[in-house]
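Using the UniProt record's numbering, the letters of the sequence shown map in sequence onto residues 1 to 127.
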Amino acid sequence: MNYEPLEDCVLVEKIESENDASAGGIILPDKINERPTVAKVLAVGPGMKMDDGGRFPMTLKEGDTVVFPRKTGDHLLIDGKELLVIPERYILMRVLSDCERVDPNHGPNYEPDCDCDCDCDEDNGCE
């Protein structure tokens, strides 16, 4: 099944990290482990409606890796996977790939040509 979040919501799947477990492999409860959550974006809503009928553009896209506070979002169980729906405004940051650069002279939507030596593909920002 395909899912489309509404308005400015984002559907994400948490990426389990080694930080969620103790050195002995015991999964730590949220009360002890207060680190932010890292997740992969599965779907993005169309953006909030503006008064003129248009929509505010969404910053995130499918496939992005994002970070947000641990207790943010609504948990859903879909096709046996625990997913979260989060308004985009609560997401703290997007994790950039090796090819993506932040250029203060061009703003956040600037996508330079990739000239690095990494194994990039079109899905993570490189051509």
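C-beta atoms are modelled at their ideal positions from N, C-alpha and C, and glycine is treated no differently. Keep in mind it's a predicted model, so treat the numbers as computed, not measured.
For residue i: DSSP bridge partner residues
i, result
"E82", "L77"
"R55", "K49"
"T65", "K40, V95"
"P87", "C9"
"K14", "A39"
Within 8 Å, strictly: CB atoms of residue i and residue j
i, j, result
"L60", "K14", "no"
"E82", "V10", "no"
"T65", "R94", "yes"
"V67", "L92", "yes"
"E4", "G45", "yes"
"V12", "I78", "no"
Cβ separation of residue i and residue j, assumed to be a contact under 8 Å, to the nearest whole Å
i, j, result
"E7", "M48", "5 Å"
"G73", "V41", "12 Å between Cβ atoms; not a contact."
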